[in-house]
């Protein structure tokens, strides 16, 4: 925050714990809803979003997302994903019509998503702290490569509503980080923030960019690429351009 | 539930929404803790677990896990992972000393995890409902292969504390499932439950089974396997035996 402000940026912070953020998406998210009917989350979410009857906390976060040029998601990796409070932020703020269900949905156009959507043109970056060692998250590490562990977030949560997704800023063994290392890491993070608009985002393919069959949404033949060690024909990394 | 009971099994159900499960891991999880000190989750969790000062809801779920021979986790896929309430179940129930931090941690033995641990010998299976089409989650589907999307859960949350992990039971396009299809899927799920103890689990490697360098925890050279389409030298699938 200090670094961004010192560079002339305006920063809004959502400290979910300090805000007492409600993590669980449930019927209370739809105050205008008839509670006697079976809850269909997608329908209820779409109706609340379209009719301006969402809860104020969700509306506030959506407004902040629309206001921002870039969004930094900072969290500790818990069980190879986000803490529940942040997952609940996604579950609740990404309403139908805002985070998904955007654009035409037909046999010829499966929505504006994966590179298109309401948040298109904005940039997003994960800042992730971990207790484990870097080697445990390396290409052959026991936890799985961190790049792949973060794919459901980078691709499925950030690229999905349109963000350009930057390479994540990763910190390992944070429990044993000394002052010197902390200062160094602050500097490195500062550089990443300074270069947020000049660094290249991860080259995820756009769903409607011509690389996918529609409506099957499978990658077209011929898009195999030279992978890390062999020609990939499937898997997460095929969804990045070579 | 009905199917398992009809086969003579005893079933305990944790319906997290009905239970009003607290999703957010925070200082309230450690009632014996000095709240004036900075909260270190791992330390606080380990102390509460070791001294019997956890909250009753967490203790109850741990007791149920120790009681069960097999655990079925049923949830809708929200943003390519669990709903926040279930992630919060993992964050809170998997205490230090129970879900992690088990066994010797040294330069020669990095804990009892990934195939060893408190839940070793038990079986676990995901039952996952999705709105999207099967092709969207196929080997070349735009969302990424479902097998890889579930790796952080199957490997990182289930295999980690020792579960033998069964192939998941997957249901696509659930919003448009008709009665006939629903009945068919119930039958198929019934078969999977009947065969829970005779089907082969996913052949994840054990961390302490000799395949990993210690303490780097990288797969030893020579464990490349014939992958789906090429010899894998990295990635999630290398952590399954050929």
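Protein chains in written order, with this note's numbering: chain A, 1 to 242; chain B, 243 to 484. Even for Gly, the Cβ is constructed at its ideal location relative to N, Cα and C. These numbers were taken from a predicted model, which means no experiment stands behind them.
Inter-residue spacing [alpha-carbon to alpha-carbon] between residue i and residue j
i: residue 470 of chain B; j: residue 479 of chain B; result: Residue placement at residue 470 of chain B is poorly supported in this model, since its pLDDT is 49, which falls under 50; the coordinates are not used for a value here.
i: residue 423 of chain B; j: residue 213 of chain A; result: 26 Å
i: residue 444 of chain B; j: residue 482 of chain B; result: 7 Å
i: residue 332 of chain B; j: residue 322 of chain B; result: 16 Å
i: residue 46 of chain A; j: residue 387 of chain B; result: 27 Å
i: residue 129 of chain A; j: residue 36 of chain A; result: 43 Å
i: residue 13 of chain A; j: residue 50 of chain A; result: 26 Å
i: residue 176 of chain A; j: residue 276 of chain B; result: 22 Å
i: residue 285 of chain B; j: residue 167 of chain A; result: 31 Å
i: residue 126 of chain A; j: residue 157 of chain A; result: 11 Å
i: residue 84 of chain A; j: residue 326 of chain B; result: 5 Å
i: residue 215 of chain A; j: residue 206 of chain A; result: 14 Å
i: residue 52 of chain A; j: residue 29 of chain A; result: 12 Å
i: residue 187 of chain A; j: residue 195 of chain A; result: 12 Å
i: residue 41 of chain A; j: residue 324 of chain B; result: 15 Å
i: residue 244 of chain B; j: residue 389 of chain B; result: 28 Å
CB contact below 8 Å: residue i versus chain A
i: residue 450 of chain B; result: no
i: residue 266 of chain B; result: yes
i: residue 256 of chain B; result: no
i: residue 458 of chain B; result: yes
i: residue 445 of chain B; result: no
i: residue 478 of chain B; result: yes
i: residue 245 of chain B; result: no
Chain B within 8 Å of residue i, Cβ atoms only
i: residue 156 of chain A; result: yes
i: residue 212 of chain A; result: yes
i: residue 181 of chain A; result: no
i: residue 143 of chain A; result: yes
i: residue 87 of chain A; result: yes
i: residue 49 of chain A; result: no
i: residue 140 of chain A; result: yes
i: residue 33 of chain A; result: no
i: residue 219 of chain A; result: yes
Supposed close pair residue i, residue j - CB separation, criterion 8 Å
i: residue 86 of chain A; j: residue 394 of chain B; result: With 8 Å as the limit, residue 86 of chain A and residue 394 of chain B do not qualify as a contact, their Cβ atoms being about 15 Å apart.
i: residue 93 of chain A; j: residue 71 of chain A; result: Their Cβ separation, rounded to whole angstroms, is 11 Å, which puts residue 93 of chain A and residue 71 of chain A out of contact at 8 Å.
i: residue 377 of chain B; j: residue 223 of chain A; result: Wrong, their Cβ atoms sit about 16 Å apart, outside the cutoff.
i: residue 330 of chain B; j: residue 264 of chain B; result: 7 Å
i: residue 169 of chain A; j: residue 189 of chain A; result: 6 Å
i: residue 360 of chain B; j: residue 403 of chain B; result: 6 Å
i: residue 27 of chain A; j: residue 39 of chain A; result: 5 Å
i: residue 113 of chain A; j: residue 461 of chain B; result: The pair is not a contact, with the Cβ atoms about 35 Å apart (cut-off 8 Å).
i: residue 171 of chain A; j: residue 154 of chain A; result: Incorrect: roughly 17 Å between the Cβ atoms, too far for contact.
i: residue 199 of chain A; j: residue 122 of chain A; result: Not quite, the Cβ-Cβ distance comes to about 15 Å (not below 8 Å), so this is no contact.
Sheet register partners of residue i (DSSP bridge)
i: residue 212 of chain A; result: A:219
i: residue 482 of chain B; result: B:446
i: residue 323 of chain B; result: B:320
Per-residue contacts from residue i into chain D (C-beta, under 8 Å)
i: residue 394 of chain B; result: Going by chain labels, chain D is absent from the structure shown, which instead holds the protein chains A and B.
Practice task
Just list the alpha helix (DSSP H) runs in the segment 86 to 172 of chain A, keeping only unbroken ones of 4 residues or longer that don't cross its boundaries, in chain order.
Solution key: 146 to 149
Problem - Whole runs of the alpha helix (DSSP H) within the segment 36 to 79 of chain A, excluding any shorter than 4 residues - result: 41 to 50 and 56 to 67
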